[in-house]
Amino acid sequence: MSVQKPAEQQDSFFIVGQTSNGRQFRPSDWAERLCGVMACFKPEGTGGGRDSHLQFSPYVTPTVVNGVKSVVVNGKLRDLEPLAYHFVLSFAKDNDLQVVDACLLPEKK
Numbered sequence: 001m002s003v004q005k006p007a008e009q010q011d012s013f014f015i016v017g018q019t020s021n022g023r024q025f026r027p028s029d030w031a032e033r034l035c036g037v038m039a040c041f042k043p044e045g046t047g048g049g050r051d052s053h054l055q056f057s058p059y060v061t062p063t064v065v066n067g068v069k070s071v072v073v074n075g076k077l078r079d080l081e082p083l084a085y086h087f088v089l090s091f092a093k094d095n096d097l098q099v100v101d102a103c104l105l106p107e108k109k
């Protein structure tokens, strides 16, 4: 029996700051750098504003998983900009980083 994720959670994943053999990925600010590059990918209507360039995208955000710097990538990025989605996947693959499926919880309103 397979469990189907809701459409808004399809293909969401964590990029964990450890290589496949368990070594910590460097530089230590890699997650913030990656998320900074992806900051321009935001939902319709959330761009703009005086400090908008200082905010991460809600689709690619830094986090910590079990004490390890990580990035959570929301599957909605694939629909918004497929090339950006493939960029983050390629980043993980090229750097031999662990990729773990994510189950994102709905935001509180």
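Position one of the sequence shown corresponds to residue 1 (UniProt numbering), numbered consecutively onward.
Cβ atoms here follow ideal geometry from the backbone N, Cα and C, with glycine treated the same way.
Treat the numbers as computed from the prediction; the structure is a model and nothing was measured.
DSSP state of Lys-42, grouped into three classes?
Of the three classes helix, strand and coil, the one that applies to Lys-42 here is coil, per DSSP.
Report the three-state DSSP secondary structure of Gly-75 (helix, strand or coil).
Here Gly-75 sits in coil by DSSP.
According to DSSP, is Pro-82 helix, strand or coil?
In the structure shown, Pro-82 sits in a helix (DSSP, three-state: H, G or I).
I need the straight-line Cα distance from Phe-41 to Thr-19, nearest angstrom please.
Cα to Cα, the separation comes out at about 26 Å.
Have a look at His-86 and Arg-78 and give me their C-alpha separation to the nearest angstrom.
Each residue's alpha carbon lies about 8 Å from the other.
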